[in-house]
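Throughout the sequence shown, residue numbering follows the numbering used here, covering 5 to 153 in sequence.
Note that the Cβ used here is the ideal one computed from N, Cα and C, for glycine as well.
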Amino acid sequence: MQICNVCSEHTPKYRCPVCKIRYCSLGCYKRHKDTCLPDEKSASVSASKDASSTVPAEPWSVEDLQNYDDIIDRVPLPKLQLLGQSKELRDLLCNPHLRQLLRSVDSADSKDEAMKAAMQEPLFVEFSDQCMKVIENESETLSHNDDDF
Numbered sequence: 005m006q007i008c009n010v011c012s013e014h015t016p017k018y019r020c021p022v023c024k025i026r027y028c029s030l031g032c033y034k035r036h037k038d039t040c041l042p043d044e045k046s047a048s049v050s051a052s053k054d055a056s057s058t059v060p061a062e063p064w065s066v067e068d069l070q071n072y073d074d075i076i077d078r079v080p081l082p083k084l085q086l087l088g089q090s091k092e093l094r095d096l097l098c099n100p101h102l103r104q105l106l107r108s109v110d111s112a113d114s115k116d117e118a119m120k121a122a123m124q125e126p127l128f129v130e131f132s133d134q135c136m137k138v139i140e141n142e143s144e145t146l147s148h149n150d151d152d153f
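Printed below as a string of structure tokens:
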């Protein structure tokens, strides 16, 4: 099991977008960011880009998330794919207000605060409930199928 590269106490949940070290909390990120140095791969990519660019050197990928075997609240890729197949979720995502809420959470500096604010919106709550329903129904279907054997 991995431990936080900053505090060396907890399981890391996040990865620094600049140097790729793993950390467990906002506090550890704040302690780390003042001394952060890009990893060699990111540094070479950054050097080849325009200096005025504000785009992160390397965005998160599905592979990054799949490699987090020790994260408790991780949704496995097959279940994430079920979300993409849900007609109910597609219908909800037709709503421009919901799409704007999702964009605001995604682009927020403080994801925790943005999620708290979004959860005050009934439409966002409906969306998150539907996401959970899709994931949990699949779990129930699998467990019911197991009972048949």
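Remark: C-beta atoms of Leu81 and His101 do not approach each other more closely than 8 angstroms. Under a 10 Å Cβ-count criterion, Cys28 is classified as buried, with 16 or more other Cβ atoms of the shown protein chains found around its own Cβ. Checking the DSSP bridge columns, you'll see Arg26 partnered with Arg19.
When the Cα atoms are used, Val109 and Met123 turn out to be separated by approximately 10 angstroms. Within its own chain, the residues whose Cβ lies closer than 7 angstroms to the Cβ of Asn99, once the five positions on either side in sequence are excluded, are Leu127, listed in chain order. Taken in chain order, the complete alpha helix (DSSP H) segments of 4 residues or longer contained in the stretch 83-128 are 91-96, 100-111, 115-122.
Contact annotation, Cys8 with Cys40: C-beta distance approximately 14 angstroms; criterion of less than 8 angstroms not satisfied. Between Leu87 and Leu96 the beta-carbon gap is near 11 angstroms, outside 8 angstroms, which marks them as no contact. Per the C-alpha coordinates, the member of Gln6, Lys17, Val10 positioned closest to Arg78 is Lys17. It is roughly 39 angstroms from the alpha-carbon of Ser90 to the alpha-carbon of His36. The shortest CA-to-CA distance from Val22 to any of Cys135, Asp113, Pro42, Lys83 is the one to Pro42. With fewer than 16 other Cβ atoms inside 10 Å of its own Cβ, Val129 counts as exposed.
If you draw a straight line from the Cα of Arg26 to the Cα of Lys115, it is about 18 angstroms long.
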